[in-house]
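In the working numbering, the protein residues as written are 129 to 390. Where is the CB? At the ideal position from N, CA and C, for every residue including glycine.
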Amino acid sequence: MVPKKVFFTNGVGKHKEKELIDDYCKSKNRLIFLDYDGTLIRFFDRPEDAKPTDDILDVLEKLASDKKNELVIISGRARKTIDEWFDIDMSFVAGHGAWTKEGRGEWEKAKNLNDSDWKSKVRPIFEKYVETTPGSLIEEKDFSLAWHFRGVDSTTSHKRARTLVKELEFVHSMNLQLLDVSEVVEVMNAGVDKSTAALHWIEKPGWDFILAIGDDWTDENTFSVLPAAAYSIKVGPLPSQARFRMESPDMVMKFLKKLIEA
Numbered sequence: 129m130v131p132k133k134v135f136f137t138n139g140v141g142k143h144k145e146k147e148l149i150d151d152y153c154k155s156k157n158r159l160i161f162l163d164y165d166g167t168l169i170r171f172f173d174r175p176e177d178a179k180p181t182d183d184i185l186d187v188l189e190k191l192a193s194d195k196k197n198e199l200v201i202i203s204g205r206a207r208k209t210i211d212e213w214f215d216i217d218m219s220f221v222a223g224h225g226a227w228t229k230e231g232r233g234e235w236e237k238a239k240n241l242n243d244s245d246w247k248s249k250v251r252p253i254f255e256k257y258v259e260t261t262p263g264s265l266i267e268e269k270d271f272s273l274a275w276h277f278r279g280v281d282s283t284t285s286h287k288r289a290r291t292l293v294k295e296l297e298f299v300h301s302m303n304l305q306l307l308d309v310s311e312v313v314e315v316m317n318a319g320v321d322k323s324t325a326a327l328h329w330i331e332k333p334g335w336d337f338i339l340a341i342g343d344d345w346t347d348e349n350t351f352s353v354l355p356a357a358a359y360s361i362k363v364g365p366l367p368s369q370a371r372f373r374m375e376s377p378d379m380v381m382k383f384l385k386k387l388i389e390a
């Protein structure tokens with residue numbers, strides 16, 4: 129899904145933060161979407177190094193334990209990684225929407241996902257770029273392949289990323305989509321995005337408070353399906369359709385602690 133509109137948003141000032149926290153305190157049935165990488169934790173050169181800290185796990189545990197909250201981590205991470213990192217009774221979205229899991233339940237695959245036979249055509253291309261771009265790496269998930277180039281010399285890596293994206297244009301004819309975001313080039317099955325996964329919860333009746341926080345283009349899909357009264361927060365400097373902005377994961381963590389303490 130392509131976001132409906134994108135514009136520059138304002139930071140969460142003291143007045144708006146108080147308004148948000150007041151609404152949170154008054155509400156009885158809250159839905160909270162949190163992206164992970166770049167939102168709760170800074171980016172790392174190697175994806176496996178972004179394991180949640182004790183502080184992050186403590187904040188998530190406290191938010192999830194509040195019976196008024198439905199807490200959802202909505203991430204591009206593989207479901208195996210999420211299972212390994214988060215032993216918390218809360219809900220999750222993995223693979224940018226390919227999988228959803230409610231609480232301690234089982235993972236459910238998104239509808240209309242085709243097989244992954246296409247990987248045999250894409251993987252050799254990624255491997256070629258890994259060989260010629262030291263420090264880059266391939267990450268494989270159930271329904272996607274990703275080339276990570278964070279930490280590689282920026283001039284070289286971004287030039288090669290543009291070349292790679294152009295070389296991969298053929299995937300659009302294979303019912304696949306191509307993501308180029310947060311120093312990752314990723315090929316995945318078409319029709320998978322965070323908005324569809326988010327609607328699984330949004331369409332349930334009774335929410336009187338909805339909050340979504342995310343940092344990149346994939347989170348714009350979540351923002352695009354939120355009700356008008358929902359709170360949306362963009363992390364970082366890029367243009368967004370979110371209502372508000374925070375500068376960094378550190379600011380997000382401080383804000384979430386304020387919600388817990390309110």
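Nearest to Ser323 by alpha-carbon distance, out of Lys237, Leu188, Ser352, is Ser352.
Inter-residue distance for Leu339 and Asn157 is about 12 Å (C-alpha atoms, whole angstroms). DSSP, reduced to helix, strand and coil, places Asp165 within a strand of the structure shown.
Around the C-beta of Lys229, 16 or more other C-beta atoms lie within 10 Å, and the residue is accordingly described as buried. With respect to Ile149, Leu387 sits close: the two C-beta atoms are nearer than 8 Å.
Each residue's CA atom was taken as its position, placing Ile201 and Ile266 some 23 Å apart. Fewer than three pairs of CB atoms, one per stretch, sit closer than 8 Å, so the stretch 185–201 makes no contact with the stretch 285–298. A check of alpha carbon separations from Thr209 across Ala318, Asn317, Ser285, Val221 identifies Val221 as the nearest.
The Cβ atoms of Ser285 and Thr260 lie no closer than 8 Å to each other. When secondary structure is reduced to three states using DSSP, Asp281 falls in the coil class, being assigned neither helix nor strand. The residue from Arg290, Glu314, Lys382, Glu255 with its alpha-carbon nearest to that of Phe271 is Glu314. Listed in chain order, the alpha helix (DSSP H) runs fully inside the stretch 255–311 are 282–295, counting runs of at least 4 residues.
With respect to Trp345, Leu159 sits apart: the two C-beta atoms are not nearer than 8 Å. By the CB criterion at 8 Å, Gly231 and Ala206 fall outside the cutoff. The alpha helix (DSSP H) runs lying completely inside the stretch 182–235 and spanning 4 residues or more are 182–193, 207–213, given in chain order.
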